[in-house]
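Residue numbers (the UniProt record's numbering), protein chains in the order written: chain R, 1 to 242; chain X, 1 to 183.
Every residue gets a Cβ at the ideal spot worked out from N, C-alpha and C, and that includes glycine.
Just so it is clear, the structure is predicted and the values come from calculations on it, not from any experiment.
Structure first, commentary second.
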Amino acid sequence: MNLRKHPQLSEQLAALYVIGSLRGRARLRFARLVQQDVVLAQMVERWEDLLLPAMLPARPQPVPERVWHGIRAQLPRATLAQPRSRSSHLPWWRRLALWQGLSAALAVVLVVSWLWPSVPRMPMLAVVNNSQGQATWVFHASAHHMRLVTLRNTQIPPNKSMQLWAIVPGKKPVSMGLLPMQEGQTPVLPVPDHMNLSHARLLAVTMEPAGGSPTGQPTGPILLKATLISSQDASTGPRRAY
Amino acid sequence: MIDTAELERLLLAVACGDQQAFQRFYRETSAHLYPVALRILREDGRAADCLQDAFLKIWLKASEYRAGRSPMAWAAAIVRYQAIDLLRRMPKDEPGWEEPDWEREEWGAVHNEAALYPAERKRIEDCLQKMTTEQRQAIVQAFYRAATYEEVATHFGAALGTVKSWIRRGLLFLRDCLQHESA
C-alpha cells in the first residue's frame, strides 16, 4: 500500500511508532519506510518533537559509571589515548618518562581492552564487492544491530532497488532492508526482533522493484553475496572502523 | 534547563567525529535520558545497558541529526526505540517482570514530577485533560510505559479492539489539539 495516499493512516502509524504500540514486523516495516520516505520521516519527527521532550524529568537520574566506560571502549581508538579531562592526578604511566607519547596511547588501549573484554560489540564483519569486484559495502554487526558503510556509488535503473538479505542456514532469507546507492551513506539497519544475526552465515543482495520485494522474499536472482565472519578472527585491519 | 543551541552545536561536532563533544553531550543529557529507558525497562541493569547502546547509536547517527529540530527529542527517540526493542525481545517470564506497578506510574505520578520542558509538558497535559478518562489513561499507559495494546486491555478489562480505537483516535485528537494550541 502506498501510504502517501493515506495521510490519516500514515499519521496514526507514525504516532504509534513513536509511542511504541507498533510492534514486531509492522514496526520493522514501518521503520524501513521511514528510512526511504522523507514525508513519513518528517511525520515521525514531528511526533517525536511533540511528545518526547515533554516526558523528560527535570530531576537528573544518576547514570551508573559503567555506561560511559562501555561507550568509551567502543569509540574509535585514535583519540582514546587523550587523558580524561576529569582526572585530577596524572596516571602512573604518564609519570614514567619512557612511557610518554605514543606508548601512553598504547597503554591506554591495552588497559581498555583488558578491562572490557567484551569490547567487540559488533563482532561480525562482511564486505560486499560490486560486480567489478570492488569493495562497495562494509557491514559491522552484532546479534541485533547492523551498521553499514557505503564505500562507492552504485548505478541502478530508477525503477529498481537493491535489497539485502541475511541467510540463516535452513531458514528463509530475512530482509535487512534496501542498500544505499550513494558513497558515504551509513545507515544503522534494524534487525528483525525474532532474528539473531549471529546465526546468519551469509549476506546476499538481489535486484528488486523500487522500494523492495513486494512478497517479503527475494524475487530476483542473487547478484552479490558475502560471508559474515567474526572480526575477532580477522588478522588484518582494525577491529572496528566506524 | 540544558541550552538547546549548545546541544545542537555539540551534535554537529559529534557528526564530524569529535569525541570530546560527544563526551560533553553525554554529560549534559544522559541523566535526563536515563529515566526514558528506566520507565520502559523497569530495572537499573537493563536500562543502563540500553542507555549504553543508545548512546553508541547517537555517536553513529549524529550525522543524521537535522539542525533546527529539538536535539533532546532526537536523542530521546533513539533511547526510547532502543528500550522498546529490548523490551519486546525480553522473555516475559524473567523474575520480577510480572509486577506491572500500574498505579505508581499513572499520569498523576508523572505529572507531579517536574518536567525538563514544563511548557511542552503543560501543552500535552492540557490536551489529555480534554479526552475521555479511558482514552487518556490508555494513551498514558501506552506512551509512558510503552505498554502493548494487550497489556492496556488487560489493565482496563476492555476488549482489544476498543483499546486500539481509544489509542488511535486519542492520538489524532492529541495532534489536532496540540496544533490548535500552538496556532
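Asked: The segment 140 to 153 of chain X touching the segment 27 to 34 of chain R, judged by at least three CB pairs closer than 8 Å; Found: no
Asked: Those runs of the alpha helix (DSSP H) which lie wholly inside the UniProt domain "Anti-sigma K factor RskA C-terminal" (102 to 222) of chain R and span at least 4 residues; Found: 102 to 115
Asked: With 16 other Cβ atoms within 10 Å as the buried cut-off, status of C127(X); Found: buried
Asked: Test item: CB-CB of A49(R) and A73(X) under 7 Å; Found: Note on residue identity: the sequence assigns Asp, not Ala, to residue 49(R). Yes.
Asked: Proximal residues to I124(X) (C-beta, below 8 Å), its chain only, five neighbours per side dropped; Found: L174 and L178
Asked: For P7(R), three-class secondary structure by DSSP; Found: helix
Asked: Residue burial classification, A14(R) (beta-carbon count within 10 angstroms, cutoff 16); Found: buried
Asked: Chain-ordered chain R contacts of residue 188(X) [CB-CB under 9 Å]; Found: Nothing can be reported for residue 188(X), as the shown portion of chain X is limited to 1 through 183.
Asked: Contact with chain X by S213(R), beta-carbon distance below 7 Å; Found: no
Asked: CB contact below 7 Å: P71(X) versus chain R; Found: no
Asked: DSSP state of L224(R) mapped onto helix, strand, coil; Found: strand
Asked: Distance between beta carbons of K57(X) and I84(X), contact taken as under 8 Å; Found: No, I84(X) and K57(X) are not in contact; Cβ-Cβ is about 13 Å, not under 8 Å.
Asked: Residue from P158(R), E11(R) and M122(R) whose Cα sits closest to the Cα of M207(R); Found: P158(R)
Asked: Minimum Cβ-Cβ distance from F25(X) to chain R less than 7 Å; Found: no
Asked: Residue of M162(R), E183(R), K171(R) and G184(R) minimising C-alpha distance to G177(R); Found: M162(R)
Asked: Closer than 8 Å at the beta carbon, the chain A residues around L128(X); Found: This model lacks chain A altogether, as its protein chains are R and X.
Asked: Beta-carbon proximity list for A210(R), same chain, < 8 Å, skipping 5 on both sides; Found: P158, N159, K160 and S161
Asked: Per DSSP, the bridge partner or partners of I124(X); Found: Note: I124(X) sits in no beta bridge, so no partner.
Asked: Sequence-distant residues of the same chain with beta carbon closer than 7 Å to G184(R), five excluded per side; Found: T150
Asked: Chain-ordered neighbours of W68(R) on chain X, where CB pairs are closer than 7 Å; Found: Y26
Asked: Q36(R) Cβ short of 6 Å to the ligand NAP heavy atom set; Found: The ligand content of the structure shown is nil, which means the ligand NAP is not present either.
Asked: Extent of the continuous alpha helix (DSSP H) run through D3(X); Found: Run containing D3(X): none; DSSP gives neither H nor E here.
Asked: Assigned exposure category for E120(X) - 16 Cβ within 10 Å defines buried; Found: buried
Asked: DSSP three-state assignment for A115(X), whether helix, strand or coil; Found: strand
Asked: CB contact below 7 Å: F55(X) versus chain R; Found: yes
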